[in-house]
Amino acid sequence: MKRYSRITGTGSFLPTRRLTNADLVAELATKGVETSDEWIVERTGIRARHFASDGVHSSDLGLEAAKMALQAAGRVAQDIDLIIVATSTPDMVFPSTACILQNKLGANGCAAFDVQAVCSGFVYALAVADSMIQTGAAKCALVVGAEVFSRILDFKDRTTCVLFGDGAGAVVLEASETPGILASDLHADGKHVGILCVPGHVSGGGILGDPLLKMDGQAVFKLAVGLLESAARATLAKANLTEADIDWLVPHQANIRIMQSTARKLKLSMDKVVVTVDQHGNTSAASIPLALDAAVRSGQVKPGQTLLLEGVGGGFTWGALLVIL
Ligand code: UT7
Numbered sequence: 626m627k628r629y630s631r632i633t634g635t636g637s638f639l640p641t642r643r644l645t646n647a648d649l650v651a652e653l654a655t656k657g658v659e660t661s662d663e664w665i666v667e668r669t670g671i672r673a674r675h676f677a678s679d680g681v682h683s684s685d686l687g688l689e690a691a692k693m694a695l696q697a698a699g700r701v702a703q704d705i706d707l708i709i710v711a712t713s714t715p716d717m718v719f720p721s722t723a724c725i726l727q728n729k730l731g732a733n734g735c736a737a738f739d740v741q742a743v744c745s746g747f748v749y750a751l752a753v754a755d756s757m758i759q760t761g762a763a764k765c766a767l768v769v770g771a772e773v774f775s776r777i778l779d780f781k782d783r784t785t786c787v788l789f790g791d792g793a794g795a796v797v798l799e800a801s802e803t804p805g806i807l808a809s810d811l812h813a814d815g816k817h818v819g820i821l822c823v824p825g826h827v828s829g830g831g832i833l834g835d836p837l838l839k840m841d842g843q844a845v846f847k848l849a850v851g852l853l854e855s856a857a858r859a860t861l862a863k864a865n866l867t868e869a870d871i872d873w874l875v876p877h878q879a880n881i882r883i884m885q886s887t888a889r890k891l892k893l894s895m896d897k898v899v900v901t902v903d904q905h906g907n908t909s910a911a912s913i914p915l916a917l918d919a920a921v922r923s924g925q926v927k928p929g930q931t932l933l934l935e936g937v938g939g940g941f942t943w944g945a946l947l948v949i950l
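Going by my numbering, the first residue of the sequence shown is number 626, and it counts up by one from there.
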């Protein structure tokens, strides 16, 4: 009998410090950076984001999301045999944030590692966990997307600092005789490294190069729209399904215009798209599990429905995953 993986619980966590566009615009004005609520809303759909306090790390946000997901799944930390954390803002250079989270959770002993695929990270992590469950390497996985992007933002660069936020989302993924994850499709093209990156690195006790996020927004936008459509279609084809079978699109929450464009290409109305970018901003690898948990807890997304998750980000990386909740 084929072995599948199923999502049995979701959770998420946002830091308490919430900045509306008005709050951020006022804060940036004190640094001589000019922007406006109108520009941010019109170009991105973002109205607010959350920033973690000093000393709060990705593992702290991930821990709260993980506890919620475990509770929803009716599991305890000791049931987990695999932890994968998707993050580009790890607590340390090493060890992995997954190891730090594992210790905070008290799930010591299970396999734990990070996946670094920037904003596609959660889709990558979920696809890896699914493969490990299908092969029998794991049976109860905790998959987390956790980020503190506020730490790598250049608050003098208005083209990027208004876009991102902090947060975490998590799912418990368990072996099952019934599907579950139906198909996934992952890609990367390293020739686009320069359009979205944090170019600096640690060397000799200091940071060499720029430690803050750089993005050519227009280049990312143009690539994202086409790649998200192709990943969605490839994933549907692998599962022998069509756009008409999708109950909900749960996209990476970067920009409402990218989501609208993807929905249009897939002939989905926007009332089939889970949207949280307005309240969370772009939380990179955390954005999809944050959106998923919000939709599950509000009752928007229901058990038995078919969801298409899709992400795109630095690398360049992109991917999609089809799952029956
Ligand atoms: O998560 C990973 C994936 N990332 C993404 O998906 C991001 C993809 N890119 C985008 O979402 C959009 O390209 C942005 C939201 C980043 C930018 O939107 P855009 O419509 O592409 O704007 P633009 O870069 O063409 O800039 C238009 C104008 C420029 O002024 P001029 O040259 O026309 O006079 C910018 O200087 O808007 C100006 N501008 C701003 N104005 C006020 C750029 N940022 C701001 C700002 N406030 N914050």
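The C-beta atom is built at its ideal place from N, Cα and C for all residues, glycine as well.
Every value quoted in this text rests on a predicted model; they were computed, and no experiment measured them.
Item	Value
Entirely enclosed alpha helix (DSSP H) segments - the segment 900 to 932, minimum 4 residues	902 to 905 and 912 to 922
Touch test, the segment 702 to 722 against the segment 745 to 763, Cβ-Cβ under 8 Å, three pairs minimum	yes
Inter-residue spacing [alpha-carbon to alpha-carbon] between Ile632 and Val787	33 Å
Residues bridged to Pro876 [DSSP beta-bridge criterion]	Glu935
Option in Gly924, Asp755 and Arg668 with minimal Cα separation from Arg628	Asp755
Closer than 7 Å: Ala654 CB and nearest the ligand UT7 heavy atom	no
Thr645: CB within 7 Å of a non-hydrogen atom of the ligand UT7	no
Sub-8 Å separation of Glu868 and Ser630 beta-carbons	no
Collapsed DSSP secondary structure at Leu726 in the structure displayed	helix
Bounding residues of the alpha helix (DSSP H) (the contiguous stretch that carries Ala862)	Gly842 to Lys863
DSSP beta-bridge partners of Ile881	BP columns for Ile881 are empty, so no partner.
Near the ligand UT7: Leu788 beta-carbon under 7 Å from a heavy atom	yes
Anticipated Cβ contact below 8 Å, Leu946 with Ala752, distance rounded	6 Å
Secondary structure of Gly746, DSSP reduced to three states	helix
Nearest-angstrom Cα separation, counted from Gly805 out to Thr785	36 Å
Within 8 Å, strictly: CB atoms of Gly944 and Asp810	yes
Reduced DSSP secondary structure (H/G/I, E/B, other) of Ala763	coil
Nearest to Val845 (by Cα), restricted to the options Gly940, Leu653 and Thr760	Gly940
Gly819 in three-state terms, based on DSSP	helix
Closest Cα partner of Gly936 within the set Val948, Ser912 and Gln925	Ser912
Local Cβ density within 10 Å of Thr908, reported as buried at 16 or more and exposed below that	buried
Three-pair Cβ contact test at 8 Å for the segment 722 to 731 versus the segment 671 to 688	yes
Coil, strand or helix - Asp835 by DSSP	coil
Residues that DSSP places opposite Ala673 in a beta bridge	Thr645
Selected residue, minimal CA-CA separation from Asp835, among Ala862, Leu778, Glu802 and His812	Leu778
Reduced DSSP category for Ser801 - H, G, I as helix; E, B as strand; rest coil	strand
CB-CB length for Ala694 against Leu767, believed under 8 Å	7 Å
Beta carbon proximity, Leu915 to chain C, threshold 8 Å	This model lacks chain C altogether, as it is built from one protein chain only.
Leu853: CB within 7 Å of a non-hydrogen atom of the ligand UT7	no
Near the ligand UT7: Ser909 beta-carbon under 7 Å from a heavy atom	yes
Any non-hydrogen atom of the ligand UT7 within 7 Å of Ile883 CB	yes
Stretch pair the segment 924 to 935 + the segment 852 to 865: three plus CB contacts closer than 8 Å	yes
Inter-residue spacing [alpha-carbon to alpha-carbon] between Ile832 and Gly680	20 Å
Which residues DSSP lists as bridging His812, in chain order	Trp943
Arg700 - DSSP class collapsed to helix/strand/coil	coil
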